Structure formats: structure tokens, C-alpha cells
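Take a look at the structure set out below.
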Amino acid sequence: MGRPDPAGEIPLLRRLWSGGHLLPDGASGGPAHPLIRLFGRWVRRPLLPAARLWRRNIQLRVVATTLLMSLGVVLLLGLVVIGQVRNGLLDAKRHAAQGQAVGGFEVAEQMADRKSDNRGQDGAGAGAQDSGAWLNALVEQLASGGKGAYSVVALSSDSGETPYVASRGPRASGDVQPDSVPADLRRRVDEGRTAPYERYGKIVHAGSGDAEPALIIGKRLDDNNGDAYQLYYLFPFSQEEKSLSLVKGTLATAGVFVVVLLGAIAWVVVRQVVTPVRMAAGISERLAAGLLQERMKVTGEDDIARLGESFNKMAQNLQLKIQQLEELSRMQRRFVSDVSHELRTPLTTVRMAADVIHEAREDFDPITARSAELLWGQVDRFESLLSDLLEISRFDAGAAALEAEPIDLRDVVHRVVDGAEPLAEAKGTRILVRGAEAPVIAEADPRRVERVLRNLVVNAVEHGEGRDVVVRLATAGGAVAVAVRDYGVGLKPGEATRVFNRFWRADPARARTTGGTGLGLSIAVEDARLHGGWLQAWGEPGGGSQFRLTLPRTAGDVLRGSPIPLEPADSRRNLRPDDTGAAQPPAERLAAVPAQPRSPLPADAAAPSADPTALPGNGARVVRGAPETPSDGPRVGRETAARPTTSNEGEGRPRGR
1 MGRPDPAGEI
11 PLLRRLWSGG
21 HLLPDGASGG
31 PAHPLIRLFG
41 RWVRRPLLPA
51 ARLWRRNIQL
61 RVVATTLLMS
71 LGVVLLLGLV
81 VIGQVRNGLL
91 DAKRHAAQGQ
101 AVGGFEVAEQ
111 MADRKSDNRG
121 QDGAGAGAQD
131 SGAWLNALVE
141 QLASGGKGAY
151 SVVALSSDSG
161 ETPYVASRGP
171 RASGDVQPDS
181 VPADLRRRVD
191 EGRTAPYERY
201 GKIVHAGSGD
211 AEPALIIGKR
221 LDDNNGDAYQ
231 LYYLFPFSQE
241 EKSLSLVKGT
251 LATAGVFVVV
261 LLGAIAWVVV
271 RQVVTPVRMA
281 AGISERLAAG
291 LLQERMKVTG
301 EDDIARLGES
311 FNKMAQNLQL
321 KIQQLEELSR
331 MQRRFVSDVS
341 HELRTPLTTV
351 RMAADVIHEA
361 REDFDPITAR
371 SAELLWGQVD
381 RFESLLSDLL
391 EISRFDAGAA
401 ALEAEPIDLR
411 DVVHRVVDGA
421 EPLAEAKGTR
431 ILVRGAEAPV
441 IAEADPRRVE
451 RVLRNLVVNA
461 VEHGEGRDVV
471 VRLATAGGAV
481 AVAVRDYGVG
491 LKPGEATRVF
501 NRFWRADPAR
511 ARTTGGTGLG
521 LSIAVEDARL
531 HGGWLQAWGE
541 PGGGSQFRLT
551 LPRTAGDVLR
561 GSPIPLEPAD
571 SRRNLRPDDT
581 GAAQPPAERL
591 AAVPAQPRSP
601 LPADAAAPSA
611 DPTALPGNGA
621 RVVRGAPETP
631 SDGPRVGRET
641 AARPTTSNEG
651 EGRPRGR
């Protein structure tokens, strides 16, 4: 697998590892192999719920941290205590063993001296025959005083001074094997001559073969014949091990109880603090949802109780203020509605009188005739304002109803364009319709959609400075859209977000040449919201503006994007020269939306993607400053000339009906 493949000199395994597929010569793969990423996702998947719970539960974090820290402290203290106990037991055992061994060595020397004296009295040569028996008696006598506490082993000396005793067999008490004495200790004993030596080792038993740790102390001595031999005391650590095990078990049991107890204490303490916080968080969420009567339960006089009292006072004051504002808003809406209704009767009378006077204006002198024309026009505008106020009051009261039915937006657009033709001819403007080749079907209220589009088209004609107005239709996924593009004075930075405010005007000094009321776009955005759609604005100073209406194809669906980009393809930023000096073509680009269930995506539509700036009501953008990477979110661009402009390009303009 590591040999070069026919395509080049890179081994096949390395190329597969680099990018998950065969790469051309010299090409580098991605940062990680797909199998590694898949394995990482598979490993992380079961950990995600635990990580989410860890991030969201402060009580769990505090208790877990307390348990881990307590466990660390208990382990550290346990290690220190066990180490101290172990050292103490070893020191005590060592001192006791040294005392016992020194006493045994003295007894062995005394027995050898007495035997030598007896031999001198009885005659030479008699003791050489009973040397083995003397060692057996010595080992038995020394071991008789410490059964279970220590063992005694006698071995031949390897010094070479008395070669005839090298064949003498070793002696050991009990079932202890003589080879339990390490060889290095035997060498040190022979080299040390008369000094005792000690070493930690293991006692091996002949019957079972088990080994247990022990302290071994040995010394080189002379027997009854004056020959050298080695005498060893072996002190097992069985009792010390039992004591140390008891201490370990006690510490482990106590440590477990301490850790569990500390965890329970931390749980109780944190719960006392976290419970009011959780209660406050839940009540805050319910207050934000409109349940203004929610309050915290306060008990005691501590800091948590004072926090609860302060929270309740804040909620009470907030409820009082909101109620006052709601009452004031209701009074204002009712006042507007009542005034609008009450004005209809006198307005009808004034309208009838104005019509009579207007019909007879030819019999009046010029000044009176002109006054009759002005009266007739202003009464008409007064009626429009009154109708808009009534519509706004219905939206504010939540009484607006949607009468949705399947409609073809092309028919609505054609009716709007036909109605705006007289104004367009007066302004010298052409109204162009794009994207009307295929049906654009949606479930919508035709009256409200027509009102929105009429407002947008009339505004574009009025403020388009005599240039073309382009109406574009598109559909993709579960959305339909209509965009109205003009090339007039455009919108200044920040105006696109305020253009839907009631009675807002970019320049209050400018008059409404078409008699608009200033409520048209406010009503239009409410109509769009009633459909579950968006009405958004984009503009740049001197480069015109574009208003986009996006509606769900099926009533009740949730929009995820728009088929038409909010910034048009022929904006100044899209037409700016690129780094090579060539101008970018103003291609028709559609921002597709994800396909939704009941509304399949057409075969010729672009790949689905969401519109991140499609927010209900606005999401508007104004081009300014330095260019950024193209996107459908709020952005700015460089101001460069894209088409001829008039002398009042920098002047704002009103947006209303």
C-alpha cells in the first residue's frame, strides 16, 4: 500500500490519508481524513448530552468540583498517613529486630566459648565430631524463644579459611528454606567479619513455596571448634502488614464516607442558593412571556430573601408601568378609531359639498375656481388618511383578518402597473416587469398584496427621478417574492431601517407630490407580517433603492429565505471594477431558499440556501463606506458612479403612500 501508484510518485496510502480521495500530483489534502472526522463525530455524539448538562447545571458543576477536590484531598491525606504509619512500623520492627539479633549473637558466642572450654578440659579432637550437632542445638535453642516472631538460619562461611566445613549443610528453624538469605548479604557478612549486617528480603517457606517480606540480620561467628559460620535472624513483616492493611482499610472507609458526606453537604448548600436563582430565572421567563402577575416566594430575612423582595418589587413596578403603557396605548388606539369613525359623517357631508362646488367651478371667478379644486383634492386626501388610520387601528387592535386564496402574483402586478401608468407617464418613467414568464402562485390575500405592491410601485415612480422602474417576480422552494427597483436618489445610511415608521419622511421640507399620507409603508409592512412574510428595503445614496416583498407559497409556512437578493445585481458595489480592472457583469442572481415540504423546488432553481438577513419587517440595508464580501446580510459598499444622477442625489426623500 505504500508503493507509488501509476498516477504519480505519491504513495496511494498517503494520498488517501491526505484528503479522502486520490489527489493530483503536488496537491495537498484537507486538514483531516473523512474517516477521522466521522470517528470524532461518533465519539462526541454520546458526550454531547453530558456536556450540555454540565454547561447548563451550575449545581452539578459545584457538586462535581467539590467531590473531585475532596477526593484529591482525601487521597493526599491518606497517602501521607499511610506513609507515616508504614515508616513508624518499619522503624519499630527494625529496632526490635536489631535488639533480638544482637542478643542471639551474644548467646551463640557464649555457647561456642563454653564448648571450647569443655573441649580443652576433656581433650583435643573430641569436639570436631559434634560440630553439626552443636549447630542444630544452637539453631533450636535460638529459635525456641521466638516462634512466629522470627526464624534462625545457620550457613557455612565461604571465606575459604576453613574449607572442610564447606560441605556442612545449612540449618534452619521451622519450614524456612536456607536460600531465603540473599547471596549479596552473605558476601557482605563474610567480608565484614565480626560486624552484623541487615537487609530487606523475603522468607520462602518449604512447604507452600509462599514468600513474605522480612528483615534479615546476619553475622559471621565461630562454632565450638573455632570454624567460621554465618548466623541469620529472619524477622517477617506479617504483623506489620496486617496493621498497615487495617490502617488502609480504615482510611479508605473513612475517606469514602468523608467524600460522600462532603458531596451531600455541597449539594444541600448549593441547592439552597441555586433554587431561588432557578425560581427567579423561571419567573423572569414567564414575565417576558407576558405573565406579569408572577412573583417569587420569599422566606426568611437573608440575602436570598432580600433578592426575592427586590425582584418582586421590580416585577410589580414593571407590571404597573406596562399596564399604564397598555392603557395609554389602548386609549390612543381607541381615540384614533373613534375620531376616524366620527369624522366619516362630517367628511361625507364635506365631500358632497366639495363635489357640488367642484362641478360648478367653471361659473366662478378664477380665484374661487382654484379654491374649489384645492378643496376637492384635499378632501380626497383626507379620505385616504382616514382610511389608513382606520386600517392602522385595526392592526393595532389585532382585528385584521387574512383572507388567503391561491392567486397568481403576475395578475396582481399587472393591475398595479396599469393603475400606475398615468403617474409614470407624467413623470417620464417606464415600468418594466421581469420574471413574469411562468406562473407565480401563492396563497395570499389579493387585496392586501395589491395594496402593498401599489404603494411600492407608486413610491418608486414618484422618487425615481424619471428613470426606469423594474418590477421583478421570482419563486423558489416555499417562497415567492416581488421586488420593486428604482434608480432615483436612493436612501441614506440608516434610512432603510426607519422607512417603515409611521409618518416618517427623509426630508420633512419636501412635499408629497402625490398626496400620500405617510402611512403607506407602515400598513404595507403590517400586511406582509399578517401573511407571515417580509417587507425589506435596500438603498444607496444616488444609486436608487429596492423594496422586496417575500411571502410563503403556502399560507402558514415559515420563511427561510427569499428567491430574490435584497441588494440588486446592478448596485454600485456589484458593478465596481475588480482587481484586474474589468467591470463585473450585472448578472441576474437569485438567492434561493431551502426546499420546504409541500412546495418542491423547481428544476431550474438555484441550490437552496437560507437568507440570513430576512427578518420580519425590515432587514434593510444601505450601501456605504468600504466594500465587504458579498452576502445578503447587512453590508456596506464603496460609492462609485453606476449611472447618471441628478443634482439632488444627496437629498433624502419621503417614503409613504
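Every letter in the sequence shown is one number past the one before it in UniProt numbering, and letter 9, counting from 1, is 9.
For glycine and all other residues, C-beta sits at the position ideal for the given N, C-alpha and C.
As the structure is a prediction and not an experimental result, all values here were calculated from the model.
**OP:** Hey, could you find the ends of the alpha helix (DSSP H) residue 285 is sitting in?
**Re:** Indexing the sequence shown from 1 puts residue 285 at position 285. Run containing residue 285: 238-288, per the alpha helix (DSSP H) assignment.
Original post:
With C-beta atoms as the reference, is residue 383 less than 8 Å away from residue 351?
Top reply: For the purposes of this step, residue 383 is taken as the residue at position 383 of the sequence shown. For the purposes of this step, residue 351 is taken as the residue at position 351 of the sequence shown. For residue 383 and residue 351, yes; Cβs fall inside 8 Å.
**OP:** Return the chain-ordered ranges of every beta strand (DSSP E) run that is complete within the segment 398-461 and spans a minimum of 3 residues.
**Re:** Those beta strand (DSSP E) runs which fall completely within the segment 398-461 and span 3+ residues are 405-408, 431-434 and 441-444.
Subject >> Chain-order list of residues whose beta-carbon lies under 8 Å from that of residue 82 (same chain, five-residue window excluded) >> reply: Numbered from its first residue, the sequence shown carries residue 82 at position 82. Cβ neighbours of residue 82 within its own chain (closer than 8 Å, five residues either side excluded): 244, 247, 248 and 251.
**OP:** Can you grab the Cα-Cα spacing for the pair residue 415 / residue 408, in whole Å?
**Re:** Counting from one through the sequence shown, the residue named residue 415 turns up at place 415. Counting from one through the sequence shown, the residue named residue 408 turns up at place 408. Rounded to the nearest angstrom, the two C-alpha atoms are 12 Å apart.
**OP:** Below 8 Å on the Cβ atoms is my guess for residue 373 versus residue 381; work out the distance and round it to an integer in Å.
**Re:** Here residue 373 refers to the residue found at position 373 when the sequence shown is read from its first residue. Here residue 381 refers to the residue found at position 381 when the sequence shown is read from its first residue. Not a contact, Cβ separation roughly 13 Å.
Original post:
Counting pairs of Cβ atoms below 8 Å between the segment 485-502 and the segment 535-547, do you hit three or more?
Top reply: Contact between the segment 485-502 and the segment 535-547 is present, because at least three Cβ pairs lie under 8 Å.
Original post:
Do you know how far the Cα of residue 435 is from the Cα of residue 339?
Top reply: Along the sequence shown, one-based indexing puts residue 339 at 339. Along the sequence shown, one-based indexing puts residue 435 at 435. Distance between the alpha carbons of residue 339 and residue 435 is about 44 Å.
Original post:
Is it the case that the Cβ atoms of residue 430 and residue 424 are separated by a distance below 8 Å?
Top reply: Residue numbering aside, residue 430 sits at position 430 when the sequence shown is read from its first letter. Residue numbering aside, residue 424 sits at position 424 when the sequence shown is read from its first letter. Cβ atoms of residue 430 and residue 424: closer than 8 Å.
**OP:** Let me know if residue 591 comes out buried or exposed under the rule of 16 or more other beta-carbons within 10 Å of its beta-carbon.
**Re:** Taking the first residue of the sequence shown as position 1, residue 591 is located at position 591. Unreliable positioning characterises residue 591 in this predicted model, as indicated by a pLDDT of 36, which lies under 50. A coordinate reading is not provided.
**OP:** With a 10 Å radius around its C-beta and 16 neighbouring C-beta atoms as the bar for buried, classify residue 65 as buried or exposed.
**Re:** In the sequence shown, residue 65 corresponds to position 65, counting from 1. Taking a 10 Å sphere around the C-beta of residue 65, we find fewer than 16 other C-beta atoms and assign the residue as exposed.
Subject >> Integer Cβ distance of residue 157 from residue 96, believed to fall under 8 Å >> reply: Here residue 157 is taken as the residue at index 157 of the sequence shown, counted from 1. Here residue 96 is taken as the residue at index 96 of the sequence shown, counted from 1. Wrong, their Cβ atoms sit about 27 Å apart, outside the cutoff.
Subject >> Segments of 3+ residues assigned as beta strand (DSSP E) that fall wholly inside the segment 512-583 >> reply: 534-539 and 545-552
Original post:
Hey, how far is the Cα of residue 290 from the Cα of residue 321?
Top reply: Numbered from 1 along the sequence shown, position 290 holds the residue referred to as residue 290. Numbered from 1 along the sequence shown, position 321 holds the residue referred to as residue 321. Taking the CA atoms as reference points, residue 290 sits about 13 Å from residue 321.
**OP:** In the DSSP assignment, find the unbroken beta strand (DSSP E) run with residue 295 in it and report its ends.
**Re:** The residue labelled residue 295 in the question sits at position 295 within the sequence shown. Per DSSP, residue 295 belongs to no beta strand (DSSP E) and is neither H nor E.
Original post:
With burial defined as no fewer than 16 other Cβ atoms inside 10 Å of the residue's Cβ, what is the status of residue 299: buried or exposed?
Top reply: For the purposes of this step, residue 299 is taken as the residue at position 299 of the sequence shown. Counting Cβ neighbours within 10 Å, residue 299 comes out exposed, since fewer than 16 surround it.
Original post:
Closest Cβ-Cβ distance between residue 95 and chain C: below 8 Å?
Top reply: Note that chain C does not occur in the displayed structure, where there is just one protein chain.
Subject >> Run of the alpha helix (DSSP H) containing residue 184, from where it starts to where it stops >> reply: Mapped onto the sequence shown, residue 184 falls at position 184. From DSSP, the alpha helix (DSSP H) with residue 184 extends over 183-192.
Subject >> One or two residues paired with residue 229 in a DSSP bridge >> reply: As a position in the sequence shown, residue 229 is number 229, starting the count at 1. Paired residues: 156 and 221.
**OP:** Determine the extent of the beta strand (DSSP E) in which residue 362 is found, giving its start and end residues.
**Re:** Here residue 362 refers to the residue found at position 362 of the sequence shown. Careful: residue 362 lies outside any beta strand (DSSP E) and carries neither H nor E.
**OP:** Please list, in chain order, all residues of the same chain as residue 678 whose beta carbon is under 6 Å from its beta carbon, the five residues on each side excluded.
**Re:** As displayed, the chain neither begins before 1 nor continues past 657, which places residue 678 out of reach and without an answer.
Original post:
Which residues in the same chain as residue 62 place their Cβ atom closer than 7 Å to its Cβ, once the five residues preceding and following it in sequence are excluded?
Top reply: Within the sequence shown, the letter at position 62 stands for residue 62. The beta carbon of residue 62 lies closer than 7 Å to those of 266 and 270 in the same chain, with the five residues before and after it left out.
Subject >> Where the beta strand (DSSP E) through residue 474 begins and ends >> reply: Taking the sequence shown and counting its residues from 1, the one referred to as residue 474 is at position 474. Where residue 474 is concerned, the enclosing beta strand (DSSP E) stretches over 469-476.
Original post:
What's the C-alpha gap between residue 472 and residue 548?
Top reply: As a first step, residue 472 must be located in the sequence shown, where it is residue number 472. As a first step, residue 548 must be located in the sequence shown, where it is residue number 548. Taking the straight line from one Cα to the other gives about 9 Å.
Subject >> Segment limits, beta strand (DSSP E) that includes residue 201 >> reply: If you number the sequence shown from 1, residue 201 lands on position 201. Where residue 201 is concerned, the enclosing beta strand (DSSP E) stretches over 197-204.
Subject >> When 480, 454 and 465 are compared against residue 442, the one with the closest alpha-carbon >> reply: Here residue 442 corresponds to residue number 442 of the sequence shown, with the count starting at 1. Of 480, 454 and 465, the residue nearest in Cα terms is 480.
Original post:
Is it right to say residue 467 is buried, meaning 16 or more other beta carbons lie within 10 angstroms of its own, or is it exposed?
Top reply: Start at 1 with the first residue of the sequence shown, and residue 467 comes out as number 467. Residue burial annotation: residue 467 is buried, with at least 16 other C-beta atoms found within 10 angstroms of its C-beta.
Subject >> Within 8 Å, strictly: CB atoms of residue 170 and residue 178 >> reply: Counting from 1 along the sequence shown, the entry for residue 170 is found at position 170. Counting from 1 along the sequence shown, the entry for residue 178 is found at position 178. Yes, the Cβ-Cβ distance between residue 170 and residue 178 is below 8 Å.
Subject >> Close Cβ partners of residue 428 (< 7 Å) along its chain, the five nearest in sequence each way excluded >> reply: The count along the sequence shown starts at 1 and reaches residue 428 at position 428. So the qualifying residues of the chain are 466.
**OP:** Can you have a look at residue 230 and say buried or exposed, based on whether 16 or more other CB atoms are within 10 angstroms of its CB?
**Re:** One-based indexing of the sequence shown puts residue 230 at position 230. That one is buried.
Original post:
Candidates 88, 395 and 225: which alpha carbon is nearest residue 519's?
Top reply: Reading the sequence shown from its first residue, position 519 is the one you call residue 519. Nearest neighbour of residue 519 by Cα position, chosen from 88, 395 and 225, turns out to be 395.
Subject >> Proximal residues to residue 285 (C-beta, below 6 Å), its chain only, five neighbours per side dropped >> reply: For this step, residue 285 is matched to residue 285 along the sequence shown. Apart from the 5 residues on each side of it in sequence, residue 285 has no Cβ closer than 6 Å to any other Cβ in its chain.
**OP:** For residue 167, I'd like the list of residues in its chain whose CB is within less than 6 Å of its CB, leaving aside the five on either flank, ordered along the chain.
**Re:** Looking up residue 167 in the sequence shown gives position 167. Summary for residue 167: the model assigns pLDDT 40, below 50, so the residue's position carries little reliability; its value from the coordinates is reported in the next sentence. Same-chain partners within the cutoff: there are none.
Subject >> Three-state class that DSSP yields for residue 235 in the structure shown >> reply: Residue 235 sits at position 235 when you count from the first residue of the sequence shown. Residue 235 falls in the strand class under three-state DSSP.
Original post:
Do residue 572 and residue 478 have their C-beta atoms within less than 8 Å of each other?
Top reply: Within the sequence shown, residue 572 is the residue found at index 572, counting from 1. Within the sequence shown, residue 478 is the residue found at index 478, counting from 1. For residue 572 and residue 478, no; Cβs fall outside 8 Å.
**OP:** Give every residue of the same chain whose Cβ lies closer than 7 Å to the Cβ of residue 223, excluding the five residues on either side of it in the sequence, and list them in chain order.
**Re:** Taking the sequence shown and counting its residues from 1, one reaches residue 223 at position 223. Once the five neighbours on either side are set aside, the close Cβ partners of residue 223 are 112, 131, 134, 135 and 229.
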